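Peer 1:
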Amino acid sequence: MHEVLGYVFPNDLHILWSLMIVLYPYVTGLVAGAFIVSSLYHVFEFESLKPIARFALIASLAFLLVATWPLLLHLGHPLRGINVMITPNFTSAMAGFGYFYGGYMIILLFEVWLVYRKDIVTYARRSRGLKQWIYKLLALGVYDISEEAQQIDRRAVKFLAAIGIPAAFLLHGYVGFLFGALKSNPWWSTPLMPIIFIFSAVVSGIAALIVMYQVAMKLKGLVIDRACIGTMVRWLWLFLIITASLEMLEIITLAYEKAEEWEIIRQLLTGPLALSYIGIQMIMGVLIPFILLMIIVLLDRNMGDKVANTLSFTAASLLLIQVFAMRWNVVIGGQMISKSLAGMRQAYRPELFGRESITTAIFIMIVPIVFIFVAEWLLPMFKFSEEQTRKLKETADYSKGYTE
Amino acid sequence: MKDLSRRSFLRAAIGVTIVGATSSVISLFAPGKLKAASAATDMQPGGFPDGYDPFAHLFSYVIDLKKCIGCGSCVRACKKENDVPDEFYRTWVERYQKGRDRPVEIDSPDGGLYGFPSSTAGTEGVSKAYYVPKMCNHCAQTPCVQVCPFSATYLSPDGLVLVDGERCMGCGYCVQACPYASRFLNPRTKTADKCTWCYHRISRGLRPACVQACPTGTRMFGDVKDPYDPVRHIIDTERIGVLQPQMLTKPKCYYIGLDKEVR
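Line by line, the protein sequences are chains A and B. Just so it is clear: in the first sequence, position 38 is 38 by the working numbering, and no numbers are missing. For any residue, its number in the working numbering is found by taking its place in the second sequence, counting from 1, and adding 1000.
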């Protein structure tokens, strides 16, 4: 039943943490990454990111909503999970998650509310029926949208976005720490683990936004803002370089030190994990997007909008796969090594149907998309892009860096 | 697992954890010690069978590798005594075979449950062969207690690492944290499971099932707080080793004649 290479402890034959535990850091990473993009606009005032700032916040919230689902689905007794909040054991890296998650949720909810408050109030006055009730509920009884009130809102948003950055890093760095702090597993136990998790989170978040923004613009028939994509591509390239360097540093250090654990990790990476580590994570996921992003950044001026958008879409999609592969190789790969360091399990394949199956994972990834559609129905996120498109159509000038 | 006093012990342990920042900071570095010590003030003695007082004992385990014949009696006894699910082991036996010109061959078919068949690679060139019984080491500084999100696994005053099956939510973090792979997630109860040194037996003055079943006296169990205990004498006077000492988990399972290949 279990394919084994070398000697594996009898209790190590089972992959305990399944696809769900791969998905959990992946979704958390998307949350953190999307938030960083919105903060680049709100705090660091990158004006070119304006078309996507509102959307990035909603996307971040959408993924945050489902971030705990894979965990709960994995637990043997999910109802007891609440004990983590009531009687936490502070020496446990896992016990903090509820607090980090809850705190981050509060920051994000507040920020979303403040950013969209003006619209909520406007719609609450304008609409009728069910929609009016929803807006009235969302307005929380505050209808002041005078210029002074909006000024205060903007300052509060800036503050929340500012404290949100360390919170996002904490949330995801902590997820990396969950693995990095286990001395029992040499493939996990490295101080680099939280850092790699943080940077790859930002990569996945920016990549997801590039993909979703382009799809949204196509669906709504709006122009894709070249400058916005350009800024994201530059950030993405930078974070990809950092992430890839750290990921390789980890391996190179292990290989150079040739310590006891390298014997088994070497066999793992060239054996059962060869395809997902060398093939998907490193070549398809790092090398190819790196080249694509470099082409976009370096040949920016000589490139048509369509080409640039397609290239960035391709690179971002590959990076989404890369980050997932990285989570997979960490979580599943780590469990394939036996703690005997003398052998490993050869393969793990998730089930197609069931509680911790591929179907469940797909469902969990669809829920945020549905949430985004509902949010768009309630609170249009792309008003800025709509204005841009209208202006362009009026002047019929498609040559200044915008395209349909 | 349903002893009232153990539950109250647990409650005490958790109470301490919430007491405040100070204790949690200290407990970051010495989780087991702090909880055991503070629980001592709150424990209600008398909840154990025959007035068993957990504070009067500190149990240890000694395994003499020169005596083990790999018969698997201990594994069978454990499976029967504790109703351990198939494919999982609270205790198991490994076989090591090595020689100058061949790599170390380790195996443990079905955890040694049915003993060991003849080696597939043959015995050609084998210069040394031995069996190593393994189980939970009941570490004093154990990663599993450190990582449990809400102390469902805890260090008892008599030196055991135990799991409260009614609190465990089955996250598996302790299973990942144990460097000895002695923990597993019980597919029936969906909670963490492991060797308890047969706590239900030893608290009644009996020996663990594996010790009782061992035909050669490889496995020895004793109380180091008892000055006349033979196990205490062995620990005090013999050359003994523990598994993976570099992990600094401070196991209470000691081996006589441990070889360097054994992890």
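Ideal Cβ placement from N, Cα and C applies to all residues, glycine included. Please read these numbers as outputs of a predicted model, since none were measured by experiment.
Enumerate in chain order the residues of its own chain whose CB-to-CB distance from A:I120 is below 6 Å, with the five nearest sequence positions on each side excluded.
Peer 2: Closer than 6 Å at Cβ, skipping near neighbours: Y135, L138 and A139.
Peer 1: In whole angstroms, give me the CA-to-CA distance for A:G81 and B:P1117.
Peer 2: Computed Cα separation, rounded: 44 Å.
Peer 1: Whole angstroms is fine: what's the gap from A:W188's alpha carbon to A:Y143's?
Peer 2: Computed Cα separation, rounded: 51 Å.
Peer 1: According to a CB-to-CB cut-off of less than 8 Å, which residues of the segment 1163-1175 of chain B neighbour chain A?
Peer 2: The segment 1163-1175 of chain B vs chain A, Cβ under 8 Å: R1167, C1168, M1169, G1170, C1171, G1172, Y1173 and V1175.
Peer 1: Report back the beta-carbon spacing between A:G96 and A:Y26 to the nearest angstrom; my notes put them in contact at under 8 Å.
Peer 2: No, A:G96 and A:Y26 are not in contact; Cβ-Cβ is about 19 Å, not under 8 Å.
Peer 1: Hey, out of A:A62, A:R125 and A:K131, whose CA is closest to A:I145's CA?
Peer 2: Considering only alpha carbons, the answer is A:R125.
Peer 1: Does the CB of A:S189 have a neighbour CB from chain B at under 8 Å?
Peer 2: Judged by the 8 Å Cβ criterion, A:S189 is not in contact with chain B.
Peer 1: Whose CA, out of A:S338, A:A347, A:I366 and A:L5, lies closest to the CA of B:V1175?
Peer 2: For the residues A:S338, A:A347, A:I366 and A:L5, the minimum Cα distance to B:V1175 belongs to A:S338.
Peer 1: Evaluate A:R54 with the Cβ neighbour count: other Cβ atoms within 10 Å of its Cβ, from every protein chain shown; 16 or more gives buried, anything less gives exposed.
Peer 2: Its Cβ being crowded by 16 or more others within 10 Å, A:R54 is buried.
Peer 1: Within 10 Å of its beta-carbon, does A:E257 have 16 or more other beta-carbons around it, so buried, or fewer, so exposed?
Peer 2: Per the 10 Å Cβ criterion, exposed.
Peer 1: Determine the chain B residues that contact A:M94 at a beta-carbon separation under 7 Å, and present them in chain order.
Peer 2: Within 7 Å Cβ-Cβ: V1147, P1149, C1171 and Y1173.
Peer 1: Tell me the residue span of the alpha helix (DSSP H) that contains A:M344.
Peer 2: Element bounds for A:M344: not the alpha helix (DSSP H) but the beta strand (DSSP E), A342 to R345.
Peer 1: Threshold first: 4 residues or longer. Then list the alpha helix (DSSP H) segments lying entirely within the segment 1122-1205 of chain B, N to C.
Peer 2: Segments of the alpha helix (DSSP H) lying fully in the segment 1122-1205 of chain B: 1143-1147, 1173-1177 and 1199-1202.
Peer 1: Given a cut-off of 8 Å, decide if A:Y99 and A:T68 are closer than it, judged by their beta-carbon atoms.
Peer 2: No; because the gap between Cβ atoms is not below 8 Å, this pair is not in contact.
Peer 1: Between the C-alpha atoms of B:P1109 and B:Q1097, what's the straight-line distance to the nearest angstrom?
Peer 2: Roughly 14 Å separates the two Cα atoms.
Peer 1: Assuming B:A1177 contacts B:V1163 (C-beta within less than 8 Å), just tell me the rounded distance between them.
Peer 2: B:A1177 to B:V1163, Cβ: 13 Å. No contact.
Peer 1: Please determine, among A:W377, A:V330 and A:D12, the residue with the shortest C-alpha to C-alpha distance to A:F197.
Peer 2: Selected option, being the one with the closest Cα: A:V330.
Peer 1: Would you mind working out which of A:K50, A:T395, A:W17 and A:L13 sits nearest A:C228, comparing C-alpha positions?
Peer 2: Closest by alpha carbon: A:K50.
Peer 1: Near A:K183, which residues of its chain fall below 8 Å by C-beta distance, leaving aside the five closest residues on each side in sequence?
Peer 2: Here the set comprises S189.
Peer 1: Just by C-beta distance, which residues in the segment 1098-1113 of chain B are closer than 7 Å to chain A?
Peer 2: Within the segment 1098-1113 of chain B, the residues whose Cβ lies closer than 7 Å to some Cβ of chain A are I1106, D1107, S1108 and G1111, listed in chain order.
Peer 1: When the Cα of A:L407 is compared with those of A:W133, A:I21 and A:G205, which residue comes out closest?
Peer 2: Lying outside 1 to 404, the shown extent of chain A, residue 407 of chain A is not represented and no answer is given.
Peer 1: Across which residues does DSSP place B:V1062 in a beta bridge pair?
Peer 2: Per DSSP, B:M1220 and B:Y1254.
Peer 1: Identify, in the order they occur along the chain, each residue of the same chain with its Cβ nearer than 6 Å to the Cβ of B:C1148, setting aside the five sequence neighbours on each side.
Peer 2: The residues are C1174.
Peer 1: Taking Cβ to Cβ, would you say B:D1142 is nearer than 8 Å to B:L1155?
Peer 2: Looking at the sequence itself, residue 1142 of chain B is Thr, so the reference to Asp does not match. It is a contact, given that the beta carbons lie within the stated cut-off.
Peer 1: So, does the CB of A:S357 fall closer than 8 Å to a CB anywhere in chain B?
Peer 2: False, the Cβ-Cβ gap to chain B never drops below 8 Å.
Peer 1: Taking Cβ-Cβ distances shorter than 7 Å, what residues in chain B pair up with A:V84?
Peer 2: The contacting residues are P1149 and F1150.
Peer 1: Count the other C-beta atoms from every protein chain shown that fall within 10 angstroms of the C-beta of B:Y1114, then say buried if there are 16 or more, exposed otherwise.
Peer 2: So B:Y1114 counts as exposed.
Peer 1: Can you name the start and end residues of the alpha helix (DSSP H) that A:Y24 belongs to?
Peer 2: Where A:Y24 is concerned, the enclosing alpha helix (DSSP H) stretches over L19 to H42.
Peer 1: For A:P78, which of helix, strand or coil comes out of DSSP?
Peer 2: Here A:P78 sits in helix by DSSP.
Peer 1: My guess is that B:P1251 and B:V1242 are in contact by the Cβ rule of under 8 Å, so how many angstroms apart are they, rounded?
Peer 2: Rounded, the Cβ-Cβ distance is 4 Å, consistent with contact.
Peer 1: Run through DSSP, which three-state label would B:D1110 get?
Peer 2: It is helical.
Peer 1: Does any CB atom of chain B fall closer than 8 Å to the CB of A:F199?
Peer 2: By this cut-off, A:F199 is not an interface position.
Peer 1: Measure the Cβ-Cβ separation of A:I251 and A:L341 and say whether it is below 8 Å.
Peer 2: For A:I251 and A:L341, no; Cβs fall outside 8 Å.
Peer 1: Any idea if A:M212 is buried or exposed, counting beta-carbon neighbours within 10 angstroms, 16 or more meaning buried?
Peer 2: Buried is the call here.
Peer 1: Report, in whole angstroms, the separation of the C-beta atoms of A:V203 and A:T243, which I expect to be a contact under 8 Å.
Peer 2: Between A:T243 and A:V203 the Cβ distance is about 5 Å, and since that is below 8 Å, they are a contact.
Peer 1: Residues in its own chain within less than 7 Å of A:M105 by CB, not counting five upstream and five downstream?
Peer 2: Cβ neighbours of A:M105 beyond the five flanking positions: L64.
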